[in-house]
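Residue numbers (the UniProt record's numbering): 1 to 218.
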């Protein structure tokens with residue numbers, strides 16, 4: 001646990017969160033950009049750190065830089081495990097939009113983390129209160145289906161060889177990533193075995209990778 005805690009400290013020192021509101025205009029333009037193929041109706045990003053509209057840099061990097069992901073609704077989901085065994089609660093913020101949704105799930109330590117099923121319930125709650133438009137489906141085996149398709153994006157972090165870290169900090173980060181690698185897969189842990197899941201890899205320390213000098217041969 002000490003290694004994990006120290007690893008989180010190192011990452012927080014080097015990777016500052018970004019404000020969704022700051023990138024809201026870009027996300028709106030991408031959402032309406034017909035020249036970009038639609039990635040999915042609902043794209044869900046599972047994030048371990050989220051505070052208000054602040055999300056991990058890697059999430060926005062995935063949407064805007066990795067390759068532009070056009071969607072009708074972008075979901076940002078954080079899970080907190082509570083000390084109570086059977087808690088099943090959530091908070092939600094649409095940031096005064098109908099296409100950006102932050103969700104904090106508070107689940108008891110004995111509750112199975114079926115994220116997909118919880119989101120289906122939350123979607124219907126938001127539609128019922130007018131905070132989210134119905135997503136009527138033209139083709140479906142279910143008559144009157146008004147909730148669109150979902151894709152979950154799980155972002156795996158890797159340590160870049162060129163990152164500027166001390167030997168000790170590098171060892172801590174490598175150990176943290178090794179523990180994460182051999183733990184239960186995120187898709188299984190979050191109950192996404194039968195969901196559409198995309199795995200992506202990003203550098204764990206964005207700002208610590210220097211360019212390598214190279215000279216053009218004449």
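We treat Cβ as the ideally placed atom computed from N, Cα and C, and that holds for glycine.
Candidates the options, of which the one nearest residue i by Cα
i	options	result
residue 80	70, 72, 91, 71	91
residue 47	214, 72, 153, 36	153
residue 98	203, 216, 24	24
residue 27	72, 147, 56, 54	72
residue 201	214, 216, 155, 129	155
residue 136	203, 100, 144	144
residue 57	204, 120, 129, 37	204
residue 67	53, 30, 157	30
residue 78	88, 158, 167, 49	49
residue 133	65, 94, 188	94
residue 62	157, 130, 213, 140	157
residue 131	212, 141, 96, 38	96
residue 89	121, 65, 74	121
residue 53	64, 37, 22, 42	22
Distance between beta carbons of residue j and residue i, contact taken as under 8 Å
i	j	result
residue 109	residue 40	Their Cβ separation, rounded to whole angstroms, is 31 Å, which puts residue 109 and residue 40 out of contact at 8 Å.
residue 55	residue 105	With 8 Å as the limit, residue 55 and residue 105 do not qualify as a contact, their Cβ atoms being about 15 Å apart.
residue 18	residue 60	5 Å
residue 119	residue 44	7 Å
residue 76	residue 102	5 Å
residue 187	residue 193	6 Å
Nonlocal neighbours in the same chain, by C-beta distance under 8 Å from residue i, ignoring five residues either side
i	result
residue 191	112, 113, 114, 115, 116, 117
residue 198	151, 152, 153, 154
residue 51	17
residue 82	106, 107, 108, 109
residue 139	none
Contacts around residue i, its chain only, beta-carbon distance under 6 Å, and the 5 residues preceding and following it disregarded
i	result
residue 124	none
residue 147	123, 135
Where residue i falls: helix, strand or coil (DSSP)
i	result
residue 212	coil
residue 27	helix
residue 40	strand
Same chain, Cβ closer than 7 Å to residue i, five either side skipped, listed in chain order
i	result
residue 33	70
residue 85	108, 109, 110
residue 215	none
Whole beta strand (DSSP E) runs in the UniProt domain "K+ potassium transporter C-terminal" (42–197) with 3 or more residues, listed along the chain? 70–82, 88–93, 100–108, 150–158
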